[in-house]
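Asker: Per this note's numbering, residue 6 is the first one in the sequence shown, and the count goes up by one each step. Each residue gets a CB set at the ideal place from its N, CA and C atoms; glycine is no exception. Quantities reported herein were computed from a predicted structural model and do not represent experimental measurements. One structure is given below, represented as structure tokens, and several questions about it will come after.
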Amino acid sequence: MPCFLPKITIFVPDHTDRNMKKAITLIFLTVLSVLNLSAAEIDSLFSRWEEATGMHRIRLGNELLSFGYDEGLVSEKKSYGRNQSIESEARIYDMMSYYFYINDKLDDALSTALIALPLCEKSGDEQLLGNCINNIGVFYQRKGLFGQAITYMERVYNLDLKSKDKSGMSSTMNNLATLYLATGQPETALSYVLPAIEMERELGDRERLAIRLGLASDIWLEMGQIEKARSCVDEAYKLDHEDKREGNAAIRLSQKASVLIALGEDIEAEKCLIEAIPILEKKNNITSIAICYNQLGQLYYKEELYKLAERTYRQAYEHASKAGSDYVKKKSLSGLWLCQKYLGKLEDALHTLEEYTQLTEKIADDRADSAVEDFRVRYETKEKEDKLIREQEMSKVKLVVVICLSVFSLLLCVLLALSYRMLRIRRRQAKILTKNQEVKNKLLSLVPAISDNTKSEILKEIVDNIETMDDVPKMTSRELEVVKLCCEGLTSKEIAGKLNVSVRTIDTHKSNIFKKLSISSTLELVKYAVKAGIYTPQN
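This is the structure:
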């Protein structure tokens with residue numbers, strides 16, 4: 006029964022481009038060696054900060070942020086701003102999730118990161134959000150919950166695409182490739198890691214290139230392309246060895262051992278693992294140590310060295326338990342059970358099998374809980390997207406309403422201007438007619454003084470032809486418009502088109518005008534309009 010750990014366990018959550026030189030630290034560097042405060046004091050300070058309010062909370066928050074900067078947990082010195090409380094709290098929770106992780110408190114790290122996530126989303130800081138989501142993906146991967154890890158890493162990848170950051174994109178593609186490999190999708194994994202390798206060759210980052218090549222080796226090995234796998238891991242080891250990156254080079258030896266085992270070169274594989282383990286112990290890379298012991302245990306089991314294999318698997322189990330990696334621990338228990346069974350330690354084998362079963366159930370429960378959490382995250386994301394769509398639609402509606410109101414206001418202004426102009430015309434006409442009345446009265450007063458009847462009659466005729474206010478029938482503004490247009494020679498159909506009314510309406514207006522003026526033709530109407538000053542010919 007093969008018990009080799011999948012190559013996913015050589016995972017490097019490389020995200021150095023989001024203020025994350027701490028990314029390599031996540032896997033390879035030691036736990037903080039010299040702290041101004043003890044771990045218990047930091048835990049206590051964080052607990053008191055969570056319970057505090059007001060100025061006391063701000064003071065404790067500043068202490069935490071100062072500690073984080075001093076110990077390299079955050080790359081920039083930040084203060085707890087009252088006006089930026091959401092961003093400050095998001096930063097503290099994100100920092101503490103990483104702190105818990107490097108202190109081998111994986112469950113606390115994950116729960117704290119999940120608290121940080123909605124705060125990071127509200128903060129509007131995409132770099133902080135990307136860092137938080139990436140960490141959650143790493144934590145889920147470490148727990149063996151690869152499906153949930155993929156969900157979060159895909160979110161990080163979308164952020165990278167949006168920012169067009171090649172370096173960050175390469176890191177996320179590396180992580181996604183690792184996760185797809187763990188879920189039995191090597192072809193998909195390869196489609197992510199190969200472009201990442203080309204990006205790193207272009208960027209010239211040898212350390213990150215070695216990480217990508219190491220992962221490519223695992224993927225090619227899973228696909229049965231052993232020679233390609235060996236070529237990649239040899240190049241990766243050469244890069245790390247030449248640059249004196251001992252911790253990384255030790256991991257390449259572990260990856261190389263997997264290739265050598267596949268080639269049947271067990272002795273060389275054992276040498277690689279024995280060389281790698283002391284370096285990993287020096288670097289305190291507990292998870293990778295557990296992986297190497299699992300590989301050694303498999304070699305010893307294959308050689309029927311069951312006692313040595315049992316001891317080796319137990320060492321793997323102890324390191325995996327310390328690292329909090331249930332997935333690696335499960336593999337150790339599987340190998341340990343096989344060895345105990347062959348050694349006849351049936352009681353121990355039964356106990357190991359029970360623990361293996363319980364751990365399998367726990368992983369299944371964690372996956373179920375994570376699936377619920379994943380649904381919640383997706384649901385909240387969908388709600389936010391729907392809300393954004395609604396807001397965009399409302400903005401469009403508001404814009405249409407504003408445009409309509411603007412057009413209406415413009416038309417109203419035009420109407421008011423026309424009304425004012427018509428009022429001025431009417432007042433002017435009224436003044437003319439009033440003056441005509443005065444002239445008419447004066448002329449009539451002269452009639453008695455004229456003894457010549459002929460002249461008197463001529464004067465009366467002139468007076469009769471002078472139009473006054475009393476002589477002008479009252480017409481509506483629309484009727485006056487019709488009169489002017491008739492005087493300009495327009496037909497009823499043309500007038501209707503110009504005033505945007507029916508021909509029947511124009512005919513009705515003309516009929517009313519004829520009745521008021523006691524006339525019967527358009528020609529008489531033109532004569533009257535000229536005489537009354539309603540219309541003045543251009544020529």
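Answer with buried or exposed for T496, where buried requires no fewer than 16 other C-beta atoms within 10 angstroms of its C-beta.
Answerer: Within the sequence shown, the letter at position 491 stands for residue 496. Flag for T496 reads exposed.
Asker: Along the chain, where does the alpha helix (DSSP H) that runs through Y197 open and close?
Answerer: Stepping through the sequence shown from its first residue, residue 197 is reached at position 192. Unbroken alpha helix (DSSP H) run through Y197: 191-208.
Asker: On the criterion of 16 or more Cβ atoms from any shown chain inside 10 Å, does G494 qualify as buried, or is it exposed?
Answerer: Residue numbering aside, residue 494 sits at position 489 when the sequence shown is read from its first letter. By the neighbour-count rule (16 or more Cβ atoms within 10 Å), G494 is not buried but exposed.
Asker: Hey, M228 and L195: beta-carbon distance below 9 Å or not?
Answerer: Numbered from its first residue, the sequence shown carries residue 228 at position 223. Numbered from its first residue, the sequence shown carries residue 195 at position 190. The answer is yes: Cβ separation under 9 Å.
Asker: Which residues mark the beginning and the end of the alpha helix (DSSP H) in which K307 is found?
Answerer: What you label residue 307 is simply residue 302 of the sequence shown in a count that begins at 1. Run containing K307: 291-307, per the alpha helix (DSSP H) assignment.
Asker: Can you check which of these residues, T317, Y322, I294, I296, is closest to Y305 by C-alpha distance?
Answerer: Mapped onto the sequence shown, residue 305 falls at position 300. Measuring from the Cα of Y305, the nearest candidate turns out to be T317.
Asker: Hey, would you say Y322 sits closer than 9 Å to L348, going by beta carbons?
Answerer: Stepping through the sequence shown from its first residue, residue 322 is reached at position 317. Stepping through the sequence shown from its first residue, residue 348 is reached at position 343. In this structure, L348 does not lie closer than 9 Å to Y322 by Cβ.
Asker: Since V333 and I296 are thought to touch, with beta carbons under 8 Å apart, how far apart are those beta carbons, to the nearest angstrom?
Answerer: Stepping through the sequence shown from its first residue, residue 333 is reached at position 328. Stepping through the sequence shown from its first residue, residue 296 is reached at position 291. Rounded, the Cβ-Cβ distance is 6 Å, consistent with contact.
Asker: Considering Cα atoms alone, identify which of D130, E126, V508, F144 is closest to Y104.
Answerer: On the sequence shown, residue 104 is found 99 positions in, with the first residue counted as 1. The shortest Cα separation from Y104 among D130, E126, V508, F144 belongs to F144.
Asker: What is the DSSP secondary structure of Y85, reduced to helix, strand or coil?
Answerer: Locating residue 85 in the sequence shown gives position 80, where the first residue counts as 1. Y85 falls in the coil class under three-state DSSP.
Asker: Skipping 5 residues on each side, what residues in its chain have a beta carbon closer than 7 Å to that of Q345?
Answerer: The sequence position of residue 345 within the sequence shown is 340, counting from 1. Excluding residues within five positions, the ones whose Cβ falls inside 7 Å are E315, D353, A354, T357.
Asker: Quick one, are the C-beta atoms of L214 and I202 less than 9 Å apart?
Answerer: Indexing the sequence shown from 1 puts residue 214 at position 209. Indexing the sequence shown from 1 puts residue 202 at position 197. Yes, these two residues count as a Cβ contact at 9 Å.
Asker: Label C277 either buried or exposed according to how many other C-beta atoms from any shown protein chain fall within 10 Å of its C-beta, with 16 as the threshold for buried.
Answerer: The residue you call residue 277 lines up with position 272 of the sequence shown. Looking at its Cβ environment, which holds 16 or more other Cβ atoms inside 10 Å, C277 is buried.
Asker: Tell me the DSSP secondary structure of R250 in three-state form.
Answerer: Locating residue 250 in the sequence shown gives position 245, counting from the first residue. Coil.
Asker: Does the distance between the C-beta of E94 and the nearest non-hydrogen atom of the ligand NAD fall short of 8 Å?
Answerer: With respect to the ligand NAD, the structure shown offers nothing to examine, as it has no ligands at all.
Asker: May I have the straight-line CA-CA distance separating K515 from L490, to the nearest angstrom?
Answerer: For the purposes of this step, residue 515 is taken as the residue at position 510 of the sequence shown. For the purposes of this step, residue 490 is taken as the residue at position 485 of the sequence shown. Distance between the alpha carbons of K515 and L490 is about 11 Å.
Asker: For L220, tell me which candidate among G209, A182, R211, L428 has the shortest Cα-Cα distance.
Answerer: Along the sequence shown, one-based indexing puts residue 220 at 215. It is A182.
Asker: What first and last residue would you give for the alpha helix (DSSP H) that runs through D223?
Answerer: Taking the sequence shown and counting its residues from 1, one reaches residue 223 at position 218. D223 -> alpha helix (DSSP H) spans 211-227.
Asker: In the DSSP assignment, find the alpha helix (DSSP H) that holds G502 and state where it starts and stops.
Answerer: For the purposes of this step, residue 502 is identified with residue 497 of the sequence shown, where counting begins at 1. 497-504 is the span of the alpha helix (DSSP H), which, as asked, contains G502.
Asker: Going by the CB atoms, is the gap between I97 and G59 shorter than 9 Å?
Answerer: Locating residue 59 in the sequence shown gives position 54, counting from the first residue. Locating residue 97 in the sequence shown gives position 92, counting from the first residue. Contact flag unset, no.
Asker: Taking the CB atoms as reference points, tell me whether E270 and L301 lie closer together than 9 Å.
Answerer: Counting from 1 along the sequence shown, the entry for residue 270 is found at position 265. Counting from 1 along the sequence shown, the entry for residue 301 is found at position 296. Cβ distance not < 9 Å, so E270 and L301 don't count as in contact.
Asker: Can you name the start and end residues of the alpha helix (DSSP H) that A325 belongs to?
Answerer: For the purposes of this step, residue 325 is taken as the residue at position 320 of the sequence shown. Note, A325: alpha helix (DSSP H), 311-328.
Asker: Give the C-beta separation of A281 and A255 to the nearest angstrom, bearing in mind that I take them to be a contact with Cβ-Cβ under 8 Å.
Answerer: If you number the sequence shown from 1, residue 281 lands on position 276. If you number the sequence shown from 1, residue 255 lands on position 250. Contact holds; Cβ gap of about 4 Å.
Asker: Which of the three DSSP states, helix, strand or coil, is assigned to E398?
Answerer: Against the sequence shown, residue 398 aligns to sequence position 393. Correct three-state label for E398: helix.
Asker: Under the assumption that L184 contacts Q146 (Cβ atoms under 8 Å), give the Cβ distance between them as a whole number of angstroms.
Answerer: Here residue 184 refers to the residue found at position 179 when the sequence shown is read from its first residue. Here residue 146 refers to the residue found at position 141 when the sequence shown is read from its first residue. At roughly 6 Å, the Cβ-Cβ gap stays under 8 Å, so L184 and Q146 are in contact.
Asker: Could you give the DSSP three-state label for D165: helix, strand or coil?
Answerer: Here residue 165 corresponds to residue number 160 of the sequence shown, with the count starting at 1. If DSSP states are grouped into helix, strand and coil, D165 belongs with the helices.
Asker: Considering just the uninterrupted stretch of the alpha helix (DSSP H) at E280, what are its terminal residues?
Answerer: Stepping through the sequence shown from its first residue, residue 280 is reached at position 275. Segment 271-287, the alpha helix (DSSP H) holding E280.
Asker: Could you spell out where the alpha helix (DSSP H) holding T117 opens and where it closes?
Answerer: Position 112 of the sequence shown, counted from the first residue, corresponds to residue 117. Where T117 is concerned, the enclosing alpha helix (DSSP H) stretches over 111-128.
Asker: Indicate whether I91 and L122 have their beta-carbon atoms separated by less than 9 Å.
Answerer: Locating residue 91 in the sequence shown gives position 86, counting from the first residue. Locating residue 122 in the sequence shown gives position 117, counting from the first residue. Taking 9 Å as the Cβ cut-off, I91 and L122 do not qualify as a contacting pair.
Asker: Under a three-way DSSP split, which group does G66 fall into?
Answerer: In the sequence shown, residue 66 corresponds to position 61, counting from 1. Note: G66 maps to helix in three-state DSSP.
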